[in-house]
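As structure tokens, the structure follows; a few thoughts come after it.
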Amino acid sequence: MDTNAIAADQTLDVTGLMCPMPLVKARQAIIQMEVGKILKVLATDRGSVKDFQGWAKTARDVELVEQTQDESGNKTVFVHYVKRVK
Amino acid sequence: METSLEINKTGVGGMTQPTSLESRIEVLEARLNELEQQLPEDRITLVVFSGDLDRVLAAFIIATGALAMGEKVSMFFTFWGLNALRKQRILDGKNLPEKMMSMMTPANTGQMGVSKMNFLGMGAKMLRLMMKEKNVETFEGLIELAEGLGATLYSCAMSREVMGISPAELREGTEEAGVAGMLADALRSKSTFFI
Chain F
0 MDTNAIAADQ
10 TLDVTGLMCP
20 MPLVKARQAI
30 IQMEVGKILK
40 VLATDRGSVK
50 DFQGWAKTAR
60 DVELVEQTQD
70 ESGNKTVFVH
80 YVKRVK
Chain W
0 METSLEINKT
10 GVGGMTQPTS
20 LESRIEVLEA
30 RLNELEQQLP
40 EDRITLVVFS
50 GDLDRVLAAF
60 IIATGALAMG
70 EKVSMFFTFW
80 GLNALRKQRI
90 LDGKNLPEKM
100 MSMMTPANTG
110 QMGVSKMNFL
120 GMGAKMLRLM
130 MKEKNVETFE
140 GLIELAEGLG
150 ATLYSCAMSR
160 EVMGISPAEL
170 REGTEEAGVA
180 GMLADALRSK
190 STFFI
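If you're matching them up, the sequences are chains F and W in order. Take the first sequence: its letter number 36 is residue 35 in numbering that gives the first Met the number 0, and every next letter is one higher. Take the second sequence: its letter number 190 is residue 189 in numbering that gives the first Met the number 0, and every next letter is one higher.
Now the structure itself:
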């Protein structure tokens, strides 16, 4: 999937933060957003990949649109696109 | 050759099914209601028995993670776990064993030790330092966060009395509960953790 095609409505940078903060911050951000909007989350926490999958699987109000990783910097950045569905 | 089968006129549970469609729907709705009452909620329950910094830290990480996932969280602190709720030490009004217990347990979360390699508190200090270096939220920060996200913190009244801890020694906003209070939440939770 071409990630440039995903139009995120808001970006949240949680690079440097560790479990459970990326998830907590993402949750706090997305509940302020309208239904249908997409939040792009940038994280360096390696656990966040499984965490965001688990969150989307459990919670009824969010959907994981896409996950990518960016190796261009000196630290891998995991990018999560989360959509508020409810 | 066709043989007629006997039609089962009794419903589940041996109830005779009413014949009219409307009354059958009514019965179904009542049963559905009853079943819905028995379904677990989007909730987890944690029983925190340990007063070790590392173990209670795990409890608060689970709690905040669950809250972020949209689950409700009930946390019950009992015995050594009560140390995680302590904000001060009050010796006034305590008898000798209670005073001794009070002197030997942490007066606040800053004095909590780790379960392994504590070395008179050096281990706990080192863990806190390592957490800070790795940019992990502080222990106290996680408690505040859990409360802020809506976790309910209960202290076990019985163990609090046994250990001679007065409610004034615990952080504000802590509610009191007994075993039935904990079980009532555990029974409507999808998961219960004992730490």
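A virtual CB, placed ideally from N, CA and C, is assigned to each residue, including glycine.
Chain-ordered chain W contacts of residue i [CB-CB under 7 Å]
| i | result |
| --- | --- |
| Asp60/F | Gly69 |
| Thr57/F | Met68 |
| Leu63/F | Per Cβ cutoff of 7 Å: no residues; Leu63/F is ~13 Å from chain W at best. |
| Arg26/F | Ala67 |
| Gly15/F | Asn134 |
Collapsed DSSP secondary structure at residue i in the structure displayed
| i | result |
| --- | --- |
| Phe196/W | Chain W is shown only over 0 to 194; residue 196/W falls outside these bounds and no answer can be derived. |
| Arg59/F | coil |
| Ser22/W | helix |
| Thr151/W | strand |
| Leu119/W | coil |
| Ala183/W | helix |
| Thr10/F | strand |
| Leu38/F | strand |
| Met0/F | Caution is warranted here: a pLDDT of 48 is assigned to Met0/F, below 50, making its placement in the model unreliable, and no coordinate value can be reported. |
| Glu171/W | coil |
| Val64/F | strand |
| Phe193/W | strand |
| Arg45/F | coil |
| Ala83/W | helix |
| Ala29/W | helix |
| Ala25/F | helix |
| Arg142/W | It is worth fixing the name first, because residue 142/W is Ile in this sequence and not Arg. Looking at Ile142/W - three-state DSSP - the assignment turns out to be helix. |
| Thr108/W | helix |
| Gly53/F | helix |
| Asp51/W | coil |
| Met129/F | In the structure as shown, chain F starts at 0 and stops at 85, and residue 129/F therefore has no counterpart that could be examined. |
| Ile5/F | coil |
| Lys133/W | coil |
| Pro166/W | helix |
| Glu1/W | coil |
| Leu128/W | helix |
| Ser114/W | coil |
| Gln37/W | helix |
Contacts of residue i in chain A (Cβ-Cβ under 9 Å)
| i | result |
| --- | --- |
| Leu144/W | This model lacks chain A altogether; the protein chains it does include are F and W. |
Boundaries of the beta strand (DSSP E) in which residue i is found, first to last residue
| i | result |
| --- | --- |
| Val46/W | 42-47 |
| Glu33/F | First-last for Glu33/F: undefined, no H or E at that position. |
| Lys71/W | 71-76 |
Span of the alpha helix (DSSP H), counted from its first residue to its last, around residue i
| i | result |
| --- | --- |
| Ala156/W | 156-161 |
For residue i: DSSP bridge partner residues
| i | result |
| --- | --- |
| Leu95/W | In DSSP, Leu95/W forms no bridge with anything. |
| Asp69/F | Val76/F |
| Val81/F | Leu38/F, Leu63/F |
| Ala67/W | DSSP, once it has assigned bridges, lists no residue as partnering Ala67/W. |
| Glu176/W | One detail in the question is off: residue 176/W reads as Ala in this sequence, not Glu. In the DSSP output, where bridge partners are listed per residue, Ala176/W has Cys155/W. |
Proximal residues of chain F, C-beta to C-beta of residue i below 9 Å
| i | result |
| --- | --- |
| Thr191/W | Here the premise fails: no neighbours, minimum Cβ distance about 16 Å. |
| Ile194/W | Simply none; closest approach about 16 Å. |
Chain-ordered chain F contacts of residue i [CB-CB under 8 Å]
| i | result |
| --- | --- |
| Gly149/W | Within 8 Å Cβ-Cβ: nothing; Gly149/W doesn't reach chain F, min ~11 Å. |
| Gly64/W | Cys18, Pro19, Leu22, Val23, Asp50 |
Residues that residue i contacts on chain F, provided the C-beta gap is smaller than 7 Å
| i | result |
| --- | --- |
| Ile60/W | Cys18, Pro19 |
beta-carbon residue i near the ligand GTP non-hydrogen atom, thresh 8 Å
| i | result |
| --- | --- |
| Gln37/W | Absence of the ligand GTP is noted for the structure shown, with no ligands found whatsoever. |
query: Counting pairs of Cβ atoms below 8 Å between the segment 115-131 of chain W and the segment 59-73 of chain W, do you hit three or more?
result: no
query: Taking one C-beta from the segment 149-164 of chain W and one from the segment 35-44 of chain F each time, how about it: are there three or more such pairs within less than 8 Å?
result: no
- prompt: Does the segment 44-51 of chain F come close enough to the segment 15-26 of chain F that 3 or more CB-CB pairs lie under 8 Å?
  reply: Contact holds: three or more Cβ-Cβ distances are below 8 Å.
message: Three Cβ pairs or more, each shorter than 8 Å: is that satisfied between the segment 166-175 of chain W and the segment 54-62 of chain F?
response: no
message: Within 8 Å, do at least three Cβ pairs link the segment 79-91 of chain W to the segment 158-167 of chain W?
response: yes
field: Segment contact flag, the segment 40-47 of chain W with the segment 72-79 of chain W, C-beta cutoff 8 Å, min 3 pairs
entry: yes
- request: Pair every Cβ in the segment 33-44 of chain W with every Cβ in the segment 179-188 of chain W, then say whether three or more of these pairs are closer than 8 Å.
  value: yes
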